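Quick notes on the structure that follows.
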Amino acid sequence: MSAGESGGERVATTGRPPLSRSFVLTLQIGFFVVLMAAWEFAAATGKLDPFFFSRPSAIFLQMVKWIVSGFIWPHLATTLVEALLAFVIGTVFGVGCGLALARVELLARVFDPYIRILNALPRVILGPIFILWFGLGIASKVALAVTLVFFIVFFNTFQGIREVNPVVRDNARMLQASEQQLLRYVYLPSAMAWIFSSLHTSIGFALVGAVVGEYLGSARGIGYVVAQAEGVFDTTGVFAGLILTSAVVLLIDLGINRLERYLLRWRPGN
Amino acid sequence: MSTPAVAFEGVTVRFPTPAGGVQTVLRDISLEIADGTFVAIVGPSGCGKSTLLNVAAGLLMPPEGCARVFGEPVQGINRYATYLFQQDALLPWRTVLDNVRLGLVFRNVPAREATARAIRFIERVGLKGFEDRFPHQLSGGMRKRVAVAQSWIVDPRILLMDEPFGALDVQTRQIMENELLGLWQESRQTVLFITHDLEEAIALADRVVVISAGPAARIKGDYEVTLPRPRDVAEIRLNPEFMQLYKRIWSDLRDEVRQSYAAGNR
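Protein chains in written order, with our numbering: chain A, 1 to 270; chain B, 1 to 266.
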């Protein structure tokens with residue numbers, strides 16, 4: 001369909017030619033192909049040392065081998081379980097604390113400096129301590145990922161609740177909403193857009209926390225696979241592990257997108 | 001005389017200014033509103049009319065004086081009243097049906113009964129077939145109808161209205177005013193209607209109260225409107241009595257509007 005035409009009839013345009021989907025997609029794929037070809041070529045001709053940089057074809061074959069042999073599944077499952085647990089726990093606590101602090105002025109005032117301090121902490125450094133506390137199993141990874149997820153969700157929920165339209169709130173109060181009903185009918189739905197935007201970020205962080213935790217010390221999971229590969233200077237294995245991780249994050253993000261579209265269908269433009 | 005539906009007793013309201021001082025918005029307002037009357041409060045913009053309404057609603061506690069509803073001092077939200085705001089106050093994430101039955105749900109009316117009553121009321125305000133729409137899918141006038149249904153369905157004894165049709169175009173506004181009068185004609189609750197439009201005030205109300213320009217606004221005038229009911233807001237404007245009344249009240253209001261204008265409001 002060309003610009004300004006729809007169902008055979010010309011429609012008004014703003015004068016700027018719209019970017020067609022297929023055009024953008026072609027460029028996106030083109031970019032990928034050129035990048036991969038350049039990498040492959042540089043590795044084949046020795047411009048990039050494959051020992052340090054590996055090569056796309058080798059990484060791809062490695063991933064295929066992992067998937068076909070079934071080697072990667074238990075590791076992937078472990079990482080996903082950790083990330084999911086961290087995501088759920090972090091989100092529940094984040095929304096809960098965000099709600100409490102946004103609604104009770106005293107709590108917000110008292111805890112404000114502590115939350116700032118905790119958030120300023122480089123959480124990844126806590127990894128070894130969590131392993132000390134919770135052991136080499138799944139719990140220490142979940143704990144690390146929770147510390148990452150919690151703050152993102154917390155800050156967004158807090159902000160979302162604070163930004164509730166005062167007229168909508170007062171109207172519900174005049175209709176005799178109880179404090180609990182205000183929460184359910186006004187505050188939470190209003191904060192939903194903020195909470196969702198935090199979910200996109202926090203799902204990534206949940207996985208990062210899990211993988212980093214595994215990397216620091218474990219016997220299973222993608223982080224473990226990457227650490228093992230690194231231990232024998234297998235750059236191909238490192239890249240393959242990283243790419244798999246981001247592919248999984250992307251898939252989950254798509255799921256959240258769909259859920260978001262459904263739950264926020266009341267918004268103009270959705 | 002029986003207990004007034006709403007009584008303001010020496011209400012003074014002050015707000016802190018951004019510069020750190022204190023500004024008196026309303027000074028010593030005393031006003032009684034009889035049960036079942038439609039009272040319009042007019043004044044130049046920025047004079048504190050909405051503040052007065054918020055005191056009656058219980059959304060604002062005055063530092064001096066108090067508001068009473070049916071003799072009881074207002075403490076916390078006024079349980080006898082609902083509020084029709086100028087801005088959109090519907091829950092944007094709920095459908096028309098959900099929005100209309102909201103007050104019933106909050107009052108723990110059984111879901112089935114609440115839905116049945118909401119459907120009837122939606123039909124009454126001419127929105128049959130739009131039950132499943134979200135507010136953003138409706139026009140401004142339709143959203144206002146939903147808001148009217150939402151505040152009316154709980155059968156409040158007092159309706160507080162803060163320039164509810166201020167944001168609508170003239171034609172839609174007249175239609176809405178007539179529909180409002182139609183609904184009121186049936187139930188005859190007490191209505192406290194804030195507006196800066198004197199014509200709207202006279203066309204709708206039994207009584208028009210003029211508030212002076214702020215700061216420290218007071219009551220400037222109080223007029224009985226004896227025009228016959230039922231009224232049509234477009235036709236009533238041509239009534240000679242309407243025009244006479246308009247002239248009388250306008251002479252009061254004019255000075256206030258000028259003063260307000262000189263002080264930099266609008």
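All C-beta atoms in this analysis are idealised placements derived from N, C-alpha and C, irrespective of residue type, glycine included.
Just so it is clear, the structure is predicted and the values come from calculations on it, not from any experiment.
field: CA-to-CA distance, Glu113(B) to Val39(B), given in whole angstroms
entry: 32 angstroms
query: Does Ser198(A) come within less than 9 angstroms of chain C when only Cβ atoms are used?
result: As a matter of chain content, chain C is missing from the structure shown, whose protein chains are A and B.
query: Does the Cβ of Glu224(B) have 16 or more other Cβ atoms within 10 Å, making it buried, or fewer, making it exposed?
result: exposed
Helix, strand or coil at Cys97(A) [DSSP, three-state]: Note: Cys97(A) maps to helix in three-state DSSP.
Nearest to Val149(A) (by Cα), restricted to the options Leu216(A), Val208(A) and Pro56(A): Val208(A)
task: Could you confirm whether any beta carbon from chain B is found closer than 9 angstroms to the beta carbon of Tyr185(A)?
output: yes
query: In the structure shown, what three-state DSSP assignment does Tyr83(B) receive?
result: strand
Same chain, Cβ closer than 6 angstroms to Val191(B), neighbours up to 5 away in sequence not counted: Phe38 and Leu159
query: Which value, in whole angstroms, describes the spacing of the CA atoms of Ile138(A) and Met61(B)?
result: 54 angstroms
- prompt: Would you report the Cα separation of Gly90(A) and Arg109(A), rounded to the nearest angstrom?
  reply: When rounded, the distance between both Cα atoms is 22 angstroms.
- prompt: Taking Ile72(A) as the reference, which of Ala240(A), Leu84(A), Val95(A) and Arg173(A) has the closest Cα?
  reply: Checked all of Ala240(A), Leu84(A), Val95(A) and Arg173(A); the closest Cα to Ile72(A) is Ala240(A).
task: Would you tell me roughly how many angstroms separate the C-alpha atoms of Gly43(B) and Gly36(B), rounded to the nearest one?
output: 23 angstroms
Members of the stretch 123 to 134 of chain A near chain B, C-beta cut-off 7 angstroms: none
field: Alpha-carbon to alpha-carbon, Thr51(B) and Val25(B)
entry: 8 angstroms
message: Quick check on Met36(A): does DSSP put it in helix, strand or coil?
response: helix
- request: Quick one: which residues of the stretch 158 to 171 of chain A get their C-beta closer than 7 angstroms to a C-beta of chain B? List them in chain order.
  value: Hits within the stretch, in order: Val167, Val168, Asp170 and Asn171.
- request: Buried or exposed for Thr82(B), please, with buried defined as at least 16 other CB atoms from any protein chain shown within 10 angstroms of its CB.
  value: buried
- request: In the DSSP assignment, find the beta strand (DSSP E) that holds Glu271(B) and state where it starts and stops.
  value: Outside the displayed span of chain B (1 to 266) sits residue 271(B), for which this structure offers no information.
query: Pro110(B): beta carbon under 8 angstroms from a heavy atom of the ligand COA?
result: Here there are no bound small molecules, and the ligand COA is not part of this structure.
- request: With Gln185(B) as the anchor, note down where its alpha helix (DSSP H) starts and where it stops.
  value: Val170 to Ser187
Closest residue to Leu273(B) among Leu59(B), Ser151(B) and Ser2(B) (Cα-Cα distance): A question about residue 273(B) goes unanswered here, because the residues of chain B that appear run from 1 up to 266.
field: Contacts of Phe165(B) in chain A (Cβ-Cβ under 7 angstroms)
entry: Within chain A, no residue has its beta carbon less than 7 angstroms from that of Phe165(B); the closest one is some 16 angstroms off.
- request: Kindly indicate which three-state DSSP category Phe106(B) falls into: helix, strand or coil?
  value: Three-state DSSP puts Phe106(B) in a helix.
message: So, for Ala149(B): in the same chain, excluding its five sequence neighbours on each side, which residues have a beta-carbon less than 7 angstroms away from its beta-carbon?
response: Closer than 7 angstroms at Cβ, skipping near neighbours: Val100, Phe121, Ile122 and Val125.
message: Excluding the 5 residues flanking Ser212(B) on each side, which residues of the same chain have their C-beta closer than 6 angstroms to its C-beta?
response: Arg218, Lys220 and Glu256
- request: Could you list the residues in the stretch 97 to 124 of chain B with a C-beta less than 7 angstroms from some C-beta on chain A, going in chain order?
  value: Leu102, Gly103, Phe106 and Arg107
- request: Could you work out which residue in Val238(A), Ala247(A), Val248(A) and Glu260(A) is closest to Arg55(A) when comparing CA atoms only?
  value: Nearest C-alpha to Arg55(A): Val238(A).
- request: Give the straight-line distance between the Cα atoms of Phe233(A) and Lys47(A), rounded to the nearest whole angstrom.
  value: 19 angstroms
- prompt: Is the distance from the Cβ of Gly58(B) to the Cβ of Ile41(B) below 9 angstroms?
  reply: In this structure, Ile41(B) does not lie closer than 9 angstroms to Gly58(B) by Cβ.
message: Can you look up Arg220(B) in the DSSP assignment and give me helix, strand or coil?
response: The sequence shown places Lys at residue 220(B), rather than the Arg named in the question. Of the three classes helix, strand and coil, the one that applies to Lys220(B) here is strand, per DSSP.
- prompt: Got a sec? Which residues, its chain only, sit under 8 angstroms from Ser57(A) by beta carbon, not counting five neighbours each side?
  reply: Glu40
message: Please classify Leu259(A) as buried or exposed, where buried requires at least 16 neighbouring CB atoms within 10 angstroms.
response: exposed
query: Closest Cβ-Cβ distance between Ala89(B) and chain A: below 9 angstroms?
result: yes
Endpoints, the beta strand (DSSP E) within which Phe60(A) is located: Per DSSP, Phe60(A) belongs to no beta strand (DSSP E); it is in the alpha helix (DSSP H), Pro56 to Ser69.
- prompt: Mind checking if Arg94(B) is an interface residue toward chain A, Cβ cutoff 9 angstroms exclusive?
  reply: yes
message: Quick check: what's the CA-CA separation for Phe134(B) versus Ile117(A)?
response: 42 angstroms
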